[in-house]
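Working notes, structure below.
There are 2 protein chains.
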Amino acid sequence: MTIKISIDCMGGDHGPSVTIPAALSFLKQQPEAELILVGLEESLRAELKKHHADTNPRVTIKHASEVVEMDDPVEVALRRKKDSSMRVAVELVKDGTANVCVSAGNTGALMAVSRYVLKTMAGVDRPAICSILPNQKNGPTYMLDLGANVDCSPHHLHQFAIMGSVLFSAMEGVKKPTIGLLNVGTEEIKGNDVVKETALLLRADHERGSLNFHGNVEGNDIFKGTTDVVVCDGFVGNVTLKAIEGLSRYMKSVFKQSWLSMLGALIARGALKKLNPERYNGAGLLGLKGLVFKSHGGANAYAFEWAIKRAFDAAKYNVQEQLSAMIAELMPDTPDAQRQV
Amino acid sequence: MTIKISIDCMGGDHGPSVTIPAALSFLKQQPEAELILVGLEESLRAELKKHHADTNPRVTIKHASEVVEMDDPVEVALRRKKDSSMRVAVELVKDGTANVCVSAGNTGALMAVSRYVLKTMAGVDRPAICSILPNQKNGPTYMLDLGANVDCSPHHLHQFAIMGSVLFSAMEGVKKPTIGLLNVGTEEIKGNDVVKETALLLRADHERGSLNFHGNVEGNDIFKGTTDVVVCDGFVGNVTLKAIEGLSRYMKSVFKQSWLSMLGALIARGALKKLNPERYNGAGLLGLKGLVFKSHGGANAYAFEWAIKRAFDAAKYNVQEQLSAMIAELMPDTPDAQRQV
């Protein structure tokens, strides 16, 4: 079975000079993939030529005349740049030409455009962004929401848990992934009201066997790998993820301050590579009527290729269908009014 | 001027074997300090003897018959262990025997005992925990609240900003420290309602010249050192701090996985030392009628000594008096009812 991936080649800090080499490298590894490269045709063609790939039969170019810049406000992306590479790439998923889309464009714009073009999946109130982080057990920790929703009700967090569980299960081949609810302590009495009420909903799902709810987890459990999935609201998730990125960047800068520590870092590069966030690039926008993956804006070709791989896997393992089925099963009769809380 | 510090010597994961060597080392550096060591007299005396310090004229022992364990629930610390080293150490601040107290005991218990014994400062609704983190500018970032308050109103966050500003100013000798409000983006329109309303309060203070409000900051700004002080609610602060600690621990474990990476870490130890969280040990419990500092429970002697140093500095630079003055100036006529929101 062929998986078709639409790639917003203009997104991110580097555009085609990163996205196209990444796409071509991925294509070599994955014979089942076909790519639709979206962006300014001339730029794309030039970059493809550089890599002697302008006649690759598994590559199509789709021209889009505009580019959403990394600092463009959401409104500009949504209302003023209707022929942006980002939007056209998402539209290819909407009209069924592509199975999944990948963009390194700015997160707010990508989520807004995706919501507008694809609409939200039935039974889901708010799409969420699910990132993948490394952990001490050498496995991935899936964490959501990472910033799409700054005010969440227990019902929203409940849906995030379901979506995270489905994504982990499909991508990692684990039947009932463990779900942790991010909190300030592991005891049931800890936390604010939203978290406590969410725990009740998740525990009920656990008891009827539909979710594998572990209970509360704390910030350090993300990297311990205590649970497969960590659920939190977008405010907490966004701040935590950016703090982690900030710490990584800070450490790099400290290593660069002397030749001795650079030498040390060079020798320890095997270990440092393991910590390399590039391997964990590729966050899923879940809960839409179509699959969209988001790469870090600053991604290099290696990292962007990882985002494409994840998008491919998500399409191949039918994440979208599994999401619909699980949402329909776990929240079939929730009235709209209640869901909007 | 002599500063008297009461030390809960039984707190933390290691008790007297860490707290006493740390206390004695600090005492050698600081001729203006006197220490009251609180705990099981026999244990303390034995440990002091080991270090040939049982007759040091600047050391007093205060016996306390009970110990708050690291996993004791708050209720046990508060109601059942009334003669704990933690409580007695705090009581020494209350009755004026000590200028400041230091404990490595469990955070929840220490905050509860401190609130109960000392009471909250006039004009403050909720005490906060202020931690100190390293940043890329080689300065400290003060961040609060780190877990005392999981549900905060704009008014609470406003008070945290004032308290953080006073602490930074006194401890670091900076007249008007910059204040950042932790958010999911730097733009004014970003964030939830609580954060947006807090920004209005802080901006008003900025305009009248009483606080140096920088605006919104993001998670990565903590380590960039964009602002001197970062304000957030205790839920976000606790999760972020623990995630950071988790990442540090994860990295250490990765370094230990091969001799080559251990060698690299050894060579880069100068750089790694800079990142050493031990130097940043010592969080202030602010907004009480007395000064209390909290050390990390797992602190070694080097780290615990840092917590004692910070406590000493806070007392020496009159943090308590400055806090009262600033709170009185900035929220003199806030009616109680309004403050309880």
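So the protein sequences, as listed, match chains R and U. Going by the numbering used here, the first sequence opens with residue 102, and the numbers climb by one from there. Going by the numbering used here, the second sequence opens with residue 102, and the numbers climb by one from there. A virtual CB, placed ideally from N, CA and C, is assigned to each residue, including glycine.
Starting from Thr242 (chain R), follow the beta strand (DSSP E) in both directions and report where the run begins and ends. Pro241 to Leu245
Along chain B, in chain order, which residues have C-beta atoms closer than 9 Å to that of Glu148 (chain U)? In the structure shown, chain B does not exist; the protein chains are R and U.
In angstroms, rounded to a whole number, what distance separates the CA positions of Leu312 (chain U) and Ser215 (chain U)? 28 Å
For Leu125 (chain R), would you say it is in contact with chain U, using Cβ-to-Cβ distances shorter than 7 Å as the test? no
Quick one: what does DSSP say Gln423 (chain U) is sitting in, helix, strand or coil? helix
Closer than 7 Å, CB to CB, is Gly292 (chain R) near chain U or not? yes
How do the segment 320-329 of chain R and the segment 342-361 of chain U stand: do at least 3 beta-carbon pairs fall below 8 Å, yes or no? Flag = yes, the segment 320-329 of chain R and the segment 342-361 of chain U touch.
Does Gly265 (chain U) come within less than 7 Å of chain R when only Cβ atoms are used? no
Span of the alpha helix (DSSP H) holding Leu258 (chain R)? Taken as a continuous stretch (DSSP letters only), the alpha helix (DSSP H) holding Leu258 (chain R) covers Pro255 to Glu273.
Check whether the Cβ of Phe413 (chain U) lies closer than 7 Å to any Cβ atom in chain R. no
Check whether the Cβ atoms of Ser107 (chain U) and Ala190 (chain U) lie closer than 7 Å to each other. It is a contact, given that the beta carbons lie within the stated cut-off.
Drop a sphere of 10 angstroms on the beta-carbon of Ser448 (chain R), count the other beta-carbons inside from all chains shown, and report buried for 16 or more, exposed for fewer. Since the first and last residues shown for chain R are 102 and 442, residue 448 (chain R) lies out of range.
If we count Cβ pairs, one from each stretch, closer than 8 Å, do we get three or more for the segment 256-275 of chain R versus the segment 404-424 of chain R? yes
Let's see if you can read the secondary structure: which residues bound the alpha helix (DSSP H) around Glu298 (chain U)? Asp294 to Glu308
Please list the residues of the segment 327-346 of chain U that have a C-beta atom closer than 8 Å to any C-beta atom in chain R, keeping them in chain order. So the list reads Cys333, Gly335, Phe336, Val337, Asn339, Val340, Thr341, Leu342, Lys343, Ala344, Ile345 and Glu346, given in the order they occur along the chain.
State the start and end residues of the unbroken alpha helix (DSSP H) segment that holds Leu145 (chain R). Glu142 to Lys151
When burial is assigned at 16 or more other CB atoms within 10 Å of the CB, is Tyr381 (chain U) buried or exposed? buried
Nearest to Lys220 (chain R) by CA position, among R:Ile290, R:Pro117, R:Val194 and R:Val318, is which residue? R:Val194
Run through the DSSP bridge pairs and tell me what Asn321 (chain U) is partnered with. DSSP, once it has assigned bridges, lists no residue as partnering Asn321 (chain U).
Nearest-angstrom Cβ-Cβ length linking Ala229 (chain U) and Gly116 (chain U), presumed shorter than 8 Å: Wrong, their Cβ atoms sit about 27 Å apart, outside the cutoff.
Can you check whether the CB of Val332 (chain U) is closer than 7 Å to the CB of Leu258 (chain U)? yes
Check distances from the C-beta atoms of the segment 171-205 of chain R to those of chain U and list, in chain order, the residues that come in under 7 Å. Residues passing the 7 Å Cβ filter: none.
Does Glu379 (chain U) get closer than 7 Å to chain R when you measure Cβ to Cβ? no
Near-chain U residues of the segment 313-326 of chain R (beta-carbon distance less than 8 Å), N- to C-terminal order: Across the segment 313-326 of chain R, CB contacts with chain U closer than 8 Å involve Glu319, Gly320, Asn321, Asp322, Ile323, Phe324 and Lys325, in sequence order along the chain.
Assuming Arg159 (chain R) contacts Leu136 (chain R) (C-beta within less than 8 Å), just tell me the rounded distance between them. 7 Å
What does the alpha-carbon distance come out to for the pair His397 (chain R) and Thr120 (chain U)? When the Cα atoms are used, His397 (chain R) and Thr120 (chain U) turn out to be separated by approximately 45 Å.
For chain R, is any of its Cβ atoms less than 7 Å away from the one on Asp252 (chain U)? yes
What would DSSP say about Ile428 (chain R), mapped onto helix, strand or coil? Annotated three-state conformation of Ile428 (chain R) is helix, per DSSP.
As assigned by DSSP and simplified to three states, the class of Ile108 (chain R): In the three-state reduction of the DSSP assignment, Ile108 (chain R) falls in the strand class.
Output yes if chain U places a C-beta closer than 7 Å to the C-beta of Ser354 (chain R); else output no. yes
For Lys277 (chain R), report the span of its beta strand (DSSP E) as first-last. Taken as a continuous stretch (DSSP letters only), Lys277 (chain R) belongs to no beta strand (DSSP E), as it is neither H nor E.
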